[in-house]
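A.B. asks: Per the UniProt record's numbering, the very first residue in the sequence shown carries number 1; after that it's consecutive.
Have a look at this one.
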Amino acid sequence: MLPKQRFTKVPPERAKIYKMGIFICLFNDFVLSLSPSR
């Protein structure tokens with residue numbers, strides 16, 4: 001668990017990349033759940 005102070009000191013560029021990474025992961029899970037190739 002990271003302290004909140006450290007998390008709030010993340011530069012905006014890195015925060016943007018971090019959010020994009022989470023979004024891409026969620027999007028990949030969504031696409032995989034939609035695809036019938038299970």
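Where is the CB? At the ideal position from N, CA and C, for every residue including glycine.
Small disclaimer: the values here were computed from a predicted structure and weren't measured.
Could you give the residue range of the alpha helix (DSSP H) that holds residue 16?
C.D. replies: That run of the alpha helix (DSSP H) goes 12–34.
A.B. asks: Which value, in whole angstroms, describes the spacing of the CA atoms of residue 36 and residue 9?
C.D. replies: Going from the Cα of residue 36 to the Cα of residue 9 covers about 42 Å.
A.B. asks: To the nearest angstrom, how far is the alpha carbon of residue 34 from that of residue 14?
C.D. replies: So the two alpha carbons sit approximately 30 Å from each other.
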